[in-house]
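**Q** Below you will find the structure I want to go over with you.
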Amino acid sequence: MSKFVSIRRDLHQIPELGFQEFKTQAYLLEYLQTLPQERLEIETWRTGIFVFVKGTDPKQTIGYRTDMDGLPIAELTGHDFASQHEGKMHACGHDVHMSIALGVLTEVVMKPIRDNMLFLFQPAEEGPGGAKDMVATATFLKWKPDFIIAFHIAPEYPVGTFATKPGLLFANTSEVFVDFKGLGGHAAFPHLANDMVVACGQFVSQIQSVVSRNVNPLDSAVITFGKMFAGTANNIIAENARLEGTIRTLSPESMQMVKNRLEEMANGFALSYHCEVKLSYGSAYYQVENDEMLTNEFMEFVQENKDLTVILSDKLMAGEDFGFMIKEVPGFLCLVGVGSPFGLHHAKLNPNEDAIEKTIQLATKYLQRKSV
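Residue numbering for the sequence shown is 54 to 425, as defined by the numbering used here.
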């Protein structure tokens, strides 16, 4: 077993939620201390880490980002290295991402390249979001890269396959919450109450028209409410109800338009159902817009490796915190095939660990090429 597969398994056992990655940060810092320190500068930010690696004759600084946090999912893989944190799991592959990043970092420390590198170990990618605040720090601005790259596992592709595309890759996303407050009462006397189950249900039905009738047919948007809470008993008319959902669009303009329409509809429902309707938002991510020149160049580089395959990805309605980083500096995100029958955010996600060494080698060769 390679050192970085072993590291992945260590990290897999200690998944932590956003901005709670204390054990993860400590593990990473401990590993970083085992590397020669002459070319390293290390600074922490909340539960994240900046690692600056000095080049031999720098003409630019290259950024490399990895995420750190896990998800609130009870693991069902049956691995002997399964999560030791009950109800939490690295079900989005961030343990794999970190092990790859440590592998690349180790390579450029032990075999220095010409250019400087800035590695960002970013917390809270799954929520509430860490990238936007991390790139606003004085540390980031001090070591600001000229461009930045990131990798993300893709269970649907086999090991040895890399997928990306110039331009828009990941969507704009935003969590959305809608709270209804009416008047509770006895189920036998509905005329004396104001039923929020009815208001909430009608709202879910009505918002379907936003995508079908307000979004340009040549654009795309998704509004999904995945959770609904209402009432306390079967014979009590619900005084309160709550919807929790997500909005996803392929442009910032469509995101704002959808939010405006939801707010207008919330105000209309408050009048129509004589209740209070409060709409609020949670984590929101900016689209991942890959730099065209850098992405095309990287795809051509992958094609030179006969044992690897590069394919043009479709646009994805998934969200990625990395969008805030390449909004500030050019860069790209690339998907890494890990050949798992179970997908991202699944309790049985099982990435093929052969992808770790392949990606370390590919990324290192690419950085060496870029730094010549």
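C-beta atoms are modelled at their ideal positions from N, C-alpha and C, and glycine is treated no differently.
Note that the structure is predicted; figures quoted are calculated from it, not measured.
For residue 348, name the three-state secondary structure that DSSP assigns.
**A** Residue 348 carries a helical assignment under DSSP once its states are collapsed to helix, strand and coil.
**Q** Which residues share a DSSP beta bridge with residue 169?
**A** 114
**Q** Could you check where the beta strand (DSSP E) with residue 232 kicks off and where it finishes?
**A** 225-234
**Q** Please classify residue 86: does DSSP put it in a helix, a strand, or coil?
**A** coil
**Q** Using a Cβ-Cβ cutoff of less than 6 angstroms, which residues in the same chain neighbour residue 416 once the five nearest sequence positions on both sides are dropped?
**A** 157
**Q** For the beta strand (DSSP E) holding residue 138, just list the boundary residues, first then last.
**A** Neither: residue 138 is in no beta strand (DSSP E) and is coded neither H nor E.
**Q** DSSP puts residue 293 in a beta bridge; with which residues?
**A** 234
**Q** Looking at C-alpha atoms only, which residue of 296, 326, 185 is the closest neighbour of residue 340?
**A** 185
**Q** Residue 151: buried (16+ other C-beta within 10 angstroms of its C-beta) or exposed?
**A** Its Cβ being crowded by 16 or more others within 10 Å, residue 151 is buried.
**Q** From what residue to what residue does the beta strand (DSSP E) around residue 426 run?
**A** The structure shown does not extend to residue 426, since the chain is modelled only from 54 through 425, so no value can be given for it.
**Q** For residue 70 and residue 123, which I take to be in contact (beta-carbon distance under 8 angstroms), what is that distance rounded to the nearest angstrom?
**A** Right, the Cβ-Cβ distance comes to about 7 angstroms (below 8 angstroms), so this counts as a contact.
**Q** Is residue 385 near residue 348, with beta carbons less than 7 angstroms apart?
**A** Yes, the pair counts as a contact, with Cβ atoms nearer than the cut-off.
**Q** Assign residue 338 to one of three DSSP states: helix, strand, or coil.
**A** strand
**Q** CB-CB under 7 angstroms to residue 187, same chain, minus the five flanking residues each way: which ones, in chain order?
**A** Only residues of its own chain outside the window of five on either side were considered, and among them 98, 101, 173, 175, 193 have a CB closer than 7 angstroms to the CB of residue 187, listed in chain order.
**Q** Using 7 angstroms as the threshold, is the C-beta distance between residue 343 and residue 219 below it?
**A** Taking the C-beta atoms as reference points, residue 219 is found nearer than 7 angstroms to residue 343.
**Q** What do you reckon, are the CB atoms on residue 169 and residue 112 nearer than 7 angstroms?
**A** no
**Q** Could you tell me the boundaries of the alpha helix (DSSP H) in which residue 149 lies?
**A** 147-163
**Q** In chain order, what residues of the same chain lie with their CB nearer than 8 angstroms to the CB of residue 25, ignoring the 5 residues before and after it?
**A** No answer is possible for residue 25: the residues shown for the chain start at 54 and end at 425.
**Q** For the putative contact between residue 328 and residue 378, defined by C-beta atoms under 8 angstroms, what is the C-beta separation to the nearest angstrom?
**A** Not really, about 41 angstroms apart at Cβ, beyond 8 angstroms.
**Q** Where do the ends of the beta strand (DSSP E) carrying residue 365 lie?
**A** 362-365
**Q** Output needed for residue 62: all residues of its chain with C-beta closer than 7 angstroms, excluding positions within five of it in sequence on either side, in chain order.
**A** 134
**Q** According to DSSP, what are the bridge partners of residue 301?
**A** 226, 275
**Q** Please return the same chain residues whose Cβ sits closer than 7 angstroms to the Cβ of residue 77, not counting the five positions on each side in sequence.
**A** Excluding sequence neighbours, residue 77 sits near 64, 67, 69, 121.
**Q** What residue from 262, 413, 420, 346 has the CA that sits closest to residue 56's CA?
**A** When the alpha-carbon of residue 56 is set against those of 262, 413, 420, 346, the nearest one is in 413.
**Q** Helix or strand or just coil, what does DSSP make of residue 65?
**A** helix
**Q** Tell me the DSSP secondary structure of residue 265 in three-state form.
**A** In this structure, residue 265 counts as helix in the three-state DSSP scheme.
**Q** Tell me which residue opens and which closes the beta strand (DSSP E) that residue 402 is part of.
**A** Per DSSP, residue 402 belongs to no beta strand (DSSP E) and is neither H nor E.
**Q** Is there contact here, the region 307-315 with the region 261-276, by at least three beta-carbon pairs under 8 angstroms?
**A** Yes, the region 307-315 touches the region 261-276.
**Q** Return the Cβ separation of residue 214 and residue 352 in integer angstroms, given the expectation that the two are a contact with Cβ distance under 8 angstroms.
**A** The Cβ separation is near 12 angstroms, so there is no contact.
**Q** Residue 374 and residue 338 look like a contact to me (Cβ under 8 angstroms); what is the Cβ gap, rounded to whole Å?
**A** 5 angstroms
**Q** Tell me the residue span of the beta strand (DSSP E) that contains residue 217.
**A** 214-217
**Q** Whose CA, out of 334, 272, 401, lies closest to the CA of residue 227?
**A** Just measuring C-alpha positions, the residue of 334, 272, 401 sitting nearest residue 227 is 334.
**Q** Take the Cβ of residue 136 as the centre, count every other Cβ of all protein chains shown within 10 Å, and call the residue buried at 16 or more, exposed below.
**A** buried
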